[in-house]
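Below is one structure, written out as structure tokens; comments come after it.
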Amino acid sequence: MQDILKVKNFYKSYGSTVVVSGVSFEIAPNEIFALIGPNGAGKSTTLKTIATILSFDKGDITVCGLDLKKEPEKVREMISYLPEEAGAYKNLSGLGYLDFMASLYSDNKVQKKKFLDSAKEICGLGDKLKNKVSTYSKGMTRKLLISRAIMTKPKLAILDEPTSGLDVINAMEVRNIIKGLKDQGMSVLLSSHNMLEIEYLADRVAIIDKGKIIEFGTIDKIKKDNSAQNLEEVFIKLAKI
Amino acid sequence: MRNFFTLLKKEIRELLTPQMILPLILMMILFAAIGSFVGREAKKAEKPSKVIIVQNDTSSLVEQLTESAKSKFESEIVRGMSAQKALEKARNDNTVKAVFIFPSNFTALVASGDDAKIESYYLLRSFSSMGTKNITSTKIFLAGINEQVSNYLILTKISGANVSNLKNPVTAIDNVVVGDKLAAVSPDAVLGFVTQQTTFIPIILFIVITMAAQMIATSIASEKENKTLETLLSLPISRRQIVATKLIGAGIVALLMAAVYMFGFKYYIDGLSGGQATNITAEMKQAIGVLGLRLDLSGYLMLGGSLFFGILSALSIAMILGVFAEDTKAVQGIISPLMVLVMIPYLLTLLVDFNSVGQGVKYLIYAIPFSHPFLAAPNIFMKNYALVLGGIVYQFMFFLVFVFIAARIFSSDKITTIKLNFSKKKSQ
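Chains A and B, in that order, give the protein sequences. Residues 0 to 240 (numbering that gives the first Met the number 0) make up the first sequence, in order. Residues 0 to 427 (numbering that gives the first Met the number 0) make up the second sequence, in order.
Shown next as structure tokens:
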């Protein structure tokens with residue numbers, strides 16, 4: 000089966016500062032892949048590049064076989080991106096926001112209704128969707144944004160710190176939503192600082208530091224290779240090097 | 000009390016931000032520069048105006064009256080010339096502001112105690128305060144003639160002269176010349192009408208352009224502040240569409256604002272003038288029509304086009320400037336260069352006679368795309384259509400270039416990486 004995402008020898012720099020240097024990985028269909036690393040390692044830059052927000056200097060990136068450089072607009076139809084610190088349009092109601100987003104993906108009324116029904120189910124906000132986004136708590140906004148990101152069932156969902164700033168209950172709900180995505184035929188590229196979350200969600204992991212991948216594989220393999228009990232131990236060991 | 004001062008210090012520090020200080024400094028510099036420029040132009044305008052005095056009566060009285068004009072004006076005296084020829088001569092010399100014609104029977108009428116008449120023709124070439132300054136000085140000149148003739152009548156004790164004639168022996172037959180059009184009407188009445196009809200145009204232009212610019216810059220800054228920009232950029236829409244919809248959206252709202260302000264201002268002017276602004280006499284209406292000082296459909300289209308492209312030019316610049324603002328608070332400071340560019344033509348067109356400024360300054364003003372809508376109405380009145388249409392073409396080209404730059408920025412990393420934040424908190 001064709002890989003959903005292929006990143007090969009990817010380089011990105013801001014001026015003279017090299018942020019990502021020769022990163023390569025791929026994501027298979029129905030796979031949750033996590034990119035972890037310390038602050039400033041190049042995770043968000045990688046995610047933003049794949050989300051077509053940033054350009055890149057060197058390398059090849061394809062999404063569902065589409066060249067990111069040559070066909071960014073087609074790539075955007077295949078992906079969905081949830082930034083780390085995302086917000087929604089505050090003057091819209093939750094439902095208005097979802098409706099606006101659904102309209103960008105389909106003109107078809109039936110299809111749009113499907114997207115909206117799916118989003119309503121995912122976010123679980125019920126009648127509160129009629130309220131303005133400006134009245135939402137951080138947890139409610141995050142759930143709204145996640146439902147927006149996956150209501151269209153993208154081939155690849157790029158989620159940057161999806162549970163950032165959420166309380167335990169909200170974070171658990173969001174994790175369960177993400178966990179269920181691969182059963183719906185989606186692949187996920189995930190970034191998080193929460194190692195327990197990664198262990199719970201990810202099929203495979205790449206640890207990135209100073210713009211380079213320093214460890215790669217399934218969680219069990221990485222733990223075994225580094226003689227560690229859990230991913231957090233691996234991370235601490237590798238980060239100290 | 001200590002808490003009061005601690006709080007007061009905090010309040011002042013919060014309010015006195017670089018975003019607030021920068022526009023203030025820019026405006027101060029701008030006002031100083033414009034003040035100095037207008038001052039120089041005012042000095043130029045104080046120089047005696049050039050007038051043509053036609054003596055179709057060569058009596059010593061007329062000679063004497065003409066002599067007094069020489070001290071007030073740069074006068075060109077011609078003898079035995081028809082009004083038509085004199086006007087032709089005046090039209091060919093841009094510095095001539097008025098033509099006074101002493102008819103051949105002037106002295107005879109004075110001597111017989113009848114009402115003597117001087118034909119006065121005012122050549123309106125500008126509607127700015129300095130461009131119309133000469134009308135006042137010529138009115139003073141005519142008052143002086145009346146006084147001199149009155150003195151002459153008293154001294155010569157002409158019998159049969161009635162009292163009102165002794166007090167006011169000479170009547171000026173006022174005419175106004177605009178381009179090749181001529182109407183027998185008072186220049187004050189014409190200027191009053193034109194001012195009432197056009198004063199609101201630059202004010203509305205100024206408000207609409209600055210508000211439209213602020214709107215689009217805020218729209219981009221709020222996308223950054225509310226963290227919606229990255230999501231927007233990852234959606235299945237092209238960057239060109241994002242740029243276009245932001246521009247058109249702000250343009251539509253700006254035009255709506257312009258319409259609301261125009262209606263509001265029309266009622267305001269009507270209210271101030273007790274409805275006189277729209278209720279003019281039939282003669283005045285006819286004179287205005289003859290002089291071509293009423294905007295017809297093509298005039299409105301040209302003015303509308305100039306305003307539309309002026310707003311679009313402002314939006315395209317503001318869109319680029321908005322990219323630099325990291326939050327809505329920074330917008331005010333970021334768009335202050337644009338405000339300066341709007342303020343310059345706004346003040347200059349209100350105050351300065353554009354015909355008298357140097358070529359360098361003229362081109363500099365023409366280079367500012369917002370100058371054209373400010374200049375459009377007077378240029379349409381003066382039938383300088385080439386300048387109006389040329390201005391629209393220039394504005395359109397300007398808009399295309401800046402939209403292209405905006406689209407390039409939106410298609411590059413710069414949209415998310417460029418920052419020009421003055422906030423102290425963020426820099427920590």
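Glycine is no exception: its CB is placed at the ideal position from the N, C-alpha and C atoms.
In its chain, beyond the 5 residues on either side, Lys222 have a beta carbon closer than 8 Å to the beta carbon of A/Gln228. In the structure shown, B/Gln147 falls within a helical segment according to DSSP collapsed to helix, strand and coil. Within the same chain, and ignoring the five residues on either side of A/Asp56 in sequence, the residues whose Cβ sits closer than 8 Å to its Cβ are Tyr10, Lys11, Ser12.
Under the three-state reduction of DSSP, A/Glu214 is assigned to strand. A/Lys131 is bridged by DSSP to A/Ser92. Interface flag for B/Asp326 against chain A is unset, since no Cβ pair is found closer than 8 Å. Here the C-alpha atom of A/Gly58 lies approximately 8 Å from the C-alpha atom of A/Val6.
A/Lys111 is positioned such that its CB atom lies no closer than 8 Å to that of A/Ser117.
The beta-carbon separation of B/Tyr121 and B/Val207, rounded to 33 Å, does not stay under the 8 Å limit for a contact.
For A/Thr16, the uninterrupted beta strand (DSSP E) run begins and ends at 16-26, by DSSP.
Of A/Ile168, A/Lys154, A/Lys152, the smallest CA-CA separation from A/Arg141 is found for A/Ile168. A distance below 6 Å between beta-carbons, with the five flanking residues on each side excluded, links B/Arg293 to the following residues of its chain, in chain order: Ile287.
For the region 145-198 of chain A, the continuous alpha helix (DSSP H) assignments of 4+ residues that do not extend past its boundaries occur at 167-180, in sequence order. Cβ neighbours of A/Ser20 within its own chain (closer than 7 Å, five residues either side excluded): Tyr10, Gly210, Lys211.
Annotation: the continuous beta strand (DSSP E) that includes B/Ser119 extends over 115-122.
Under the Cβ criterion (8 Å, minimum of three pairs), the region 241-260 of chain B counts as touching the region 305-319 of chain B. With respect to B/Asn383, B/Ser125 sits apart: the two C-beta atoms are not nearer than 8 Å. Residues Thr51 of the same chain have their beta carbon placed closer than 6 Å to that of A/Arg75, with the five preceding and five following residues left out of the count. Proximity of the region 107-119 of chain B to the region 360-379 of chain B falls short of the contact definition, fewer than three beta-carbon pairs being nearer than 8 Å. The region 170-183 of chain A makes no contact with the region 126-137 of chain A, as fewer than three CB pairs between them are under 8 Å.
With a threshold of 8 Å between beta carbons, A/Lys89 makes contact with chain B.
Between A/Asn38 and the set A/His192, A/Ile121, A/Leu4, A/Ser226, the nearest pair of CA atoms involves A/His192.
Each residue's CA atom was taken as its position, placing B/Ile203 and B/Ser305 some 13 Å apart.
Shortest Cα-Cα distance from A/Ile121 to any of A/Phe32, A/Asn175, A/Ser15, A/Glu232 involves A/Asn175.
Within its own chain, the residues whose Cβ lies closer than 6 Å to the Cβ of B/Pro186, once the five positions on either side in sequence are excluded, are Tyr121, Ile134, Val175, listed in chain order.
Under a criterion of Cβ atoms nearer than 7 Å, no residue of chain A is adjacent to B/Lys245; the nearest Cβ is some 14 Å distant. Counting along the chain, the unbroken beta strand (DSSP E) around A/Ile35 starts and ends at 31-35. Pairing A/Glu160 with A/Leu195, the inter-Cα distance amounts to about 13 Å. At least one CB of chain A lies nearer than 8 Å to the CB of B/Ser233.
The alpha helix (DSSP H) runs lying completely inside the region 299-377 of chain B and spanning 4 residues or more are 330-333, 335-350, 358-366, given in chain order. Contact between B/Leu23 and B/Val339 is absent: CB atoms are separated by about 12 Å, not below the 8 Å threshold. Taking C-beta atoms as the reference points, B/Glu224 and B/Asp352 fail to come closer than 8 Å. Residue pairing for B/Glu75: DSSP places it in a beta bridge opposite B/Ile51. The Cβ atoms of B/Leu152 and B/Ala171 lie no closer than 8 Å to each other. The Cβ-Cβ distance between A/Lys89 and A/Ser133 falls below 8 Å.
In this structure, A/Ala33 and A/Ser190 form a Cβ contact; the two beta carbons are roughly 7 Å apart against a cut-off of 8 Å.
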